[in-house]
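Chemist: To start, I am sharing the structure in question, which I have written as structure tokens.
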Amino acid sequence: MAVDSVLIWTVIGILAVGTFLIRFSFLGLIGDRPLPPIVVRLLRFTPVAVIPALVSPQVIWPSATDGQTDPIRLLAALTTLIVGMMTRKVLPAIVAGSAVLIIGLQLTAAG
Amino acid sequence: MFVVVPFGLLFGVVALDAGLTLTQTMGMTMLVIAGAAQFTALQMMVDNAGLWLIIAAALAVNLRMAMYSAALVPHLGKAPLWQRALIAYMNFDQTYAVASMAYEQNPDWPVERKVTFFFGVATPIVPTWIAATLVGALIGKAIPTDLGIDFILPITFIALVGPMLKTMPQMIAASVSAGVGLLLAGLPSGMGLLIAAACAMVVGAYVEIWQEKRSATWL
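Keeping their order, the protein sequence lines are chains A and B.
For the first sequence, my numbering assigns the number 10 to the initial residue and increments by one for each residue that follows.
For the second sequence, my numbering assigns the number 14 to the initial residue and increments by one for each residue that follows.
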């Protein structure tokens, strides 16, 4: 399907500027002014507060299966989480989760 | 750092598939440089959404980066403006997650060291991301989708969060985030994510304060 070229470049342009402004917001505007302690405390939670909500719907309702819950993807996600928490390392968690995913999908495809 | 490879490949494949030209795909990946938002924008273009709906959805997905920007202020706020601008351009999930993890483990690093570390993290990731997108766009439909390449991104994010779950407040915050994210998954893209994140931050901070007070009274 063809998407209108002017629309695409407009989306790219506005999205690029908007995204940069979002990323620059606090770093650029506030500079070295100190933040209140409660704000700092809240912000320390940002990664663990944002990323789970970003992935949980994808884990339960993967887009690749049209939203059907998939036991293999569920198991791969769980493996990643457990290995990540136990080893405290990112790469082993990715390797373990991907291994479960790929082997699982191959096995079901073969079976 | 090579976790961006499958994601970049996938974006290249999907973008061409959605009808973008090679130039448009590469322009988007280099200028926007935010995978989740790029996928959101693609999806909405394919769904024939209007310009401002596309922008709103993709920027909502990116709003979390305002929090990243704010979270980096205590560490990088004293750096020169041009460095902060450059860092802002490269401040996305992977670089932020790696950098904030390192800053948390080494709070006494001087600001120069923290800036250098951020550039050190971003320098291999950004070209890798761009190159992976290009390869994805070029090989296009040759990639078998049944390999589960779609799920490498969730796995990556989970792998980044897992090692951060060291304290009870962090685990509770992550659980609240995942739970509210699921409850609000029906909301327009990005909206549920922001509400879930705000809830999780407040609950996490509240539990942490409560824990500190309790241990203080016990002493």
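C-beta atoms are modelled at their ideal positions from N, C-alpha and C, and glycine is treated no differently.
If you draw a straight line from the C-alpha of A:R50 to the C-alpha of B:G21, how long is it?
Modeler: 33 Å
Chemist: Is it buried or exposed, B:R227, if we count other Cβ atoms within 10 angstroms and call 16 or more buried?
Modeler: With fewer than 16 other Cβ atoms within 10 Å, it is exposed.
Chemist: Measuring CA to CA, which of B:G32, B:P19, B:A229 and B:Q51 is closest to A:V20?
Modeler: B:Q51
Chemist: Is it buried or exposed, B:A112, if we count other Cβ atoms within 10 angstroms and call 16 or more buried?
Modeler: Buried: at least 16 other Cβ atoms inside 10 Å.
Chemist: Nearest-angstrom Cα distance between B:F105 and B:N75?
Modeler: 9 Å
Chemist: Are the beta-carbon atoms of A:L36 and B:R126 separated by less than 8 Å?
Modeler: no
Chemist: With distance defined between alpha-carbon atoms, name the residue in A:M95, A:I111 and A:A85 nearest to B:P167.
Modeler: A:A85
Chemist: Inspect the CB distances between the stretch 31-51 of chain B and the stretch 133-150 of chain B and report whether three or more fall short of 8 Å.
Modeler: yes
Chemist: For chain B, is any of its Cβ atoms less than 8 Å away from the one on A:P45?
Modeler: no
Chemist: Does the separation of the CB atoms of B:A209 and B:L197 fall below 8 Å?
Modeler: yes
Chemist: Kindly indicate the opening and closing residues of the alpha helix (DSSP H) around A:T78.
Modeler: No alpha helix (DSSP H) contains A:T78, which DSSP labels as neither H nor E.
Chemist: Using the C-alpha atoms, what's the distance from B:M184 back to A:P101?
Modeler: 20 Å
Chemist: Would B:G40 count as contacting chain A if we go by Cβ distances under 8 Å?
Modeler: yes
Chemist: Could you pull the start and end residues of the alpha helix (DSSP H) that B:K127 belongs to?
Modeler: V124 to I152
Chemist: For the stretch 87-128 of chain B, which segments carrying the alpha helix (DSSP H) assignment without a break, of at least 4 residues, lie completely within its bounds, in sequence order?
Modeler: 94-102 and 106-118
Chemist: Roughly how many angstroms lie between the CA atoms of A:A125 and A:I111, to the nearest whole one?
Modeler: The question about residue 125 of chain A has no answer here: the residues shown for chain A are numbered 10 through 120.
Chemist: Got a sec: which bits of the stretch 183-198 of chain B sit with their beta carbon under 7 Å from any beta carbon on chain C, in order along the chain?
Modeler: Chain labels in this structure do not include chain C; the protein chains are A and B.
Chemist: Sorted by chain position, which residues of the same chain lie with C-beta nearer than 8 Å to B:T108's C-beta, five sequence neighbours on each side aside?
Modeler: Only residues of its own chain outside the window of five on either side were considered, and among them F131, V134, A135 and I138 have a CB closer than 8 Å to the CB of B:T108, listed in chain order.
Chemist: Counting along the chain, where does the alpha helix (DSSP H) carrying B:V45 start and finish?
Modeler: That residue, B:V45, is in no alpha helix (DSSP H); it is neither H nor E in DSSP.
Chemist: Please look up how many angstroms separate the CB atoms of B:P182 and B:Q224, rounded, as I've assumed it's under 8 Å.
Modeler: Going by Cβ atoms, the distance from B:P182 to B:Q224 rounds to 7 Å, so yes, they are a contact pair.
Chemist: Where do the N-terminal and C-terminal ends of the alpha helix (DSSP H) with B:D30 fall, by residue?
Modeler: V17 to A31
Chemist: List the residues of chain B that A:L24 touches, going by C-beta distances under 9 Å, in chain order.
Modeler: The answer, in chain order, is M41, L44, V45, A47, A50, Q51, A54, I67, I68, A71, L72 and N75.
Chemist: For B:T180, does the three-state DSSP call read helix, strand or coil?
Modeler: coil
Chemist: Would you mind working out which of B:A229, B:A71, B:A218 and B:A31 sits nearest A:G27, comparing C-alpha positions?
Modeler: B:A71
Chemist: Can you pull the chain B residues whose beta carbon is under 7 Å from the beta carbon of A:T19, in chain order?
Modeler: L64
Chemist: Cβ of A:A73 less than 8 Å from any chain B Cβ?
Modeler: yes
Chemist: Taking the alpha carbon of A:T89 as the reference point, which residue from B:V220, B:L206 and B:V174 has its own alpha carbon closest?
Modeler: B:V174
Chemist: Is A:T117 near A:I91, with beta carbons less than 8 Å apart?
Modeler: With a cutoff of 8 Å on beta-carbon distance, A:T117 and A:I91 are scored as not near each other.
Chemist: What is the C-beta distance between B:P176 and A:K98, in whole angstroms, given that I count them as a contact (C-beta under 8 Å)?
Modeler: 6 Å
Chemist: Alpha carbon to alpha carbon, how far is B:G63 from A:M95? Give it in angstroms, no decimals.
Modeler: 45 Å
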